[in-house]
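A.B. asks: Below is the structure I would like to discuss, written out as structure tokens.
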Amino acid sequence: MYRNSFVGQALKKDIYMDGKRLGESANKTYFYNQVDPGEHTVSTESEFSDNDFKFTVQSGMNYFIRQYIKMGVFVGGANVELVSEEEGKKGVLASGLAK
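For the sequence shown, UniProt numbering gives the first residue as 1, with consecutive numbering after it.
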């Protein structure tokens, strides 16, 4: 999971995998998480409620999920999306591991 959007650079948003908080994202950061095959949910803090993204993991595959900031009514919200391995690798390489 990574974030590299120009919009909302100053905002920090919590990110979760299967209900477990991984940390707070910032621009140009990424999180690495190894999971078992099966269905999983990535969630991110948004303006009014969390946004969830469910996906199915197959053994031996890499998955890249991009968090992006979107304009909100009062503050920026966040959402997540699955991206191609090529796009995801570029995003991760341009970012630093979240602390």
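From the three backbone atoms N, C-alpha and C, an ideal C-beta is built for every residue, glycine too.
All figures in this text were calculated on a predicted structure; none of them were measured in a lab.
In the DSSP assignment, the beta strand (DSSP E) including Lys-99 goes from what residue to what residue?
C.D. replies: Reading the sequence shown from its first residue, position 99 is the one you call residue 99. Taken as a continuous stretch (DSSP letters only), Lys-99 belongs to no beta strand (DSSP E), as it is neither H nor E.
A.B. asks: Which residue's Cα is closest to the Cα of Val-57: Gly-91, Glu-45 and Asp-36?
C.D. replies: As a position in the sequence shown, residue 57 is number 57, starting the count at 1. Nearest of Gly-91, Glu-45 and Asp-36 to Val-57, Cα basis: Asp-36.
A.B. asks: Should Gln-67 and Arg-21 be called a contact, given that it needs their Cβ atoms to be closer than 8 Å?
C.D. replies: For the purposes of this step, residue 67 is identified with residue 67 of the sequence shown, where counting begins at 1. For the purposes of this step, residue 21 is identified with residue 21 of the sequence shown, where counting begins at 1. Contact flag unset, no.
A.B. asks: With DSSP as the reference, identify every bridge partner of Ala-78, one or two as the case may be.
C.D. replies: As a first step, residue 78 is located in the sequence shown; it is residue number 78 there, counting from the start. Answer is Ile-69.
A.B. asks: Starting from Asp-18, follow the beta strand (DSSP E) in both directions and report where the run begins and ends.
C.D. replies: For the purposes of this step, residue 18 is taken as residue 18 along the sequence shown, with counting starting at 1. Here Asp-18 belongs to no beta strand (DSSP E), and DSSP marks it neither H nor E.
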